[in-house]
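Residue numbers (the numbering used here): 6 to 202.
Listed below in structure tokens is the structure:
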């Protein structure tokens, strides 16, 4: 089980019967090489489409697993600056200096955000990060996995100007559980392992 908690309401807004173990994927060189190639290819596509990036570009990884990916990308794209921010829900696990970009954001025109999984929409953490830190910038959000329905994909980043969403793998679907936590027979009978994120 994978239970997501909405940061604004504290309610569980996403319950799934599946889980993608990103930590495992970035911990093994074979899969990490493939992931790096996928992100690198997408960044090169974006560069070609935009006749190189307008102005100065910053690549920002969201979350520790994406920091591993982003660090590798920083070697492949030395013309871009690189930084990392922890996921909002895990901010308490990091000291104050780790929670800040550490670079003057006003110097950058284009921001490339590296994300591991987007399941339904960008509502919550990702949208909040964009609005709080990068509002008014040219944004490219690249997610390794998009596990939502195809008809909702176009709504990712809807309402945020100059923002585009790119997914690298979007044919893996995670089944959504519509049952409340208190009524779930698996939970009542303690047959579960729940990963809370």
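Glycine residues also receive a C-beta, built at the ideal position from the N, C-alpha and C atoms.
These numbers were taken from a predicted model, which means no experiment stands behind them.
Rounded to the nearest angstrom, what separates residue i and residue j at their Cα positions?
i           : j           : result
residue 187 : residue 108 : 45 Å
residue 127 : residue 162 : Because the pLDDT at residue 127 is just 47, under 50, the model does not fix this residue reliably, and the point stays unresolved.
residue 183 : residue 194 : 18 Å
residue 157 : residue 46  : 24 Å
residue 85  : residue 160 : 28 Å
residue 137 : residue 48  : 24 Å
residue 56  : residue 169 : 16 Å
residue 87  : residue 185 : 40 Å
residue 283 : residue 140 : With the chain covering 6 to 202 only, the question about residue 283 has no answer from this structure.
residue 146 : residue 53  : 16 Å
residue 203 : residue 176 : Absent from the model: residue 203. The displayed extent of the chain is 6 to 202, so no value can be given.
Here's a check: name, in chain order, each residue in its chain whose Cβ is nearer than 6 Å to the Cβ of residue i, leaving out the five neighbours to either side.
i           : result
residue 37  : 31
residue 148 : 120, 123 and 172
residue 106 : 88
residue 72  : 66 and 89
residue 142 : 116
Pull up the CB-CB distance for residue i and residue j, whole angstroms please, since I reckon it's below 8 Å.
i           : j           : result
residue 65  : residue 118 : 5 Å
residue 135 : residue 165 : 6 Å
residue 70  : residue 110 : Actually they are not in contact, since the Cβ atoms of residue 70 and residue 110 sit about 23 Å apart, beyond 8 Å.
residue 116 : residue 90  : Going by Cβ atoms, the distance from residue 116 to residue 90 rounds to 11 Å, so no, they are not a contact pair.
Assuming contact is defined by CB atoms lying nearer than 9 Å, are residue i and residue j in contact in what I supplied?
i           : j           : result
residue 130 : residue 67  : yes
residue 63  : residue 113 : yes
residue 25  : residue 150 : yes
Might you give, ordered along the chain, the residues of its own chain that have their beta carbon closer than 7 Å to the beta carbon of residue i, omitting 5 neighbours on each side?
i          : result
residue 74 : 31, 40, 41, 44, 66 and 119
What does DSSP give as the partner residues of residue i in its beta bridges?
i           : result
residue 168 : 144
residue 113 : In the DSSP output, where bridge partners are listed per residue, residue 113 has none listed.
residue 89  : 66
residue 118 : 65 and 146
Residues in its own chain within less than 8 Å of residue i by CB, not counting five upstream and five downstream?
i          : result
residue 61 : 86, 112, 113, 114 and 115
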